[in-house]
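Read left to right, the sequence shown gives residues 0 to 107 (numbering that gives the first Met the number 0).
Down below is the structure, laid out as structure tokens.
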Amino acid sequence: MSRSVKKGPFVDVKLLKKLEGLNKVNERRVLKTWARRSTISPEFVGHTLAVHNGNKFIPVYITENMVGHKLGEFAPTRIFRGHGSHVEKVTAAAAAAGPGGGPGGPPK
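The structure is reproduced here in structure tokens:
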């Protein structure tokens, strides 16, 4: 369910004030933020924000295509390492052992 139109997008007030201050002096530097729930507004475009993912800060350069999305969408919190790595190791070891496969296999 999406947010009500009459409420408007949520933007962290502290983050918005910091970015407005940087825009006034035309300064570009990386800002650390924990506000993953903040919606990206047009004032953010051109800045780099270091978004916390629960472990470390992920640098995110804000472009026009990102406006309307949340900051947390661009800093993944989980790392997918792949499926079946254990099964692949076991089958590779069995293939290396040759016919018979190892203990309990048919005699040669």
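Think of the CB as a built atom: it goes at the ideal place given N, C-alpha and C, for glycine as much as any other residue.
Q.
So that I know if they touch, is there some Cβ in chain C lying closer than 8 Å to that of glycine 20?
A. Chain labels in this structure do not include chain C; a single protein chain is all it has.
Review point. Any idea what DSSP makes of phenylalanine 56, helix, strand or coil?
Key: Taking the sequence shown and counting its residues from 1, one reaches residue 56 at position 57. Strand, per DSSP.
Q) Beta carbon of alanine 74, beta carbon of asparagine 54: below 8 Å? A) Along the sequence shown, one-based indexing puts residue 74 at 75. Along the sequence shown, one-based indexing puts residue 54 at 55. Not in contact: alanine 74 and asparagine 54 (Cβ atoms no closer than 8 Å).
- Query: In angstroms, rounded to a whole number, what distance separates the CA positions of arginine 27 and histidine 85?
  - Reply: The sequence position of residue 27 within the sequence shown is 28, counting from 1. The sequence position of residue 85 within the sequence shown is 86, counting from 1. So the two alpha carbons sit approximately 46 Å from each other.
What is the rounded straight-line gap between the Cα of valine 10 and the Cα of glutamate 72? Here residue 10 refers to the residue found at position 11 when the sequence shown is read from its first residue. Here residue 72 refers to the residue found at position 73 when the sequence shown is read from its first residue. Approximately 15 Å between the Cα atoms of the pair.
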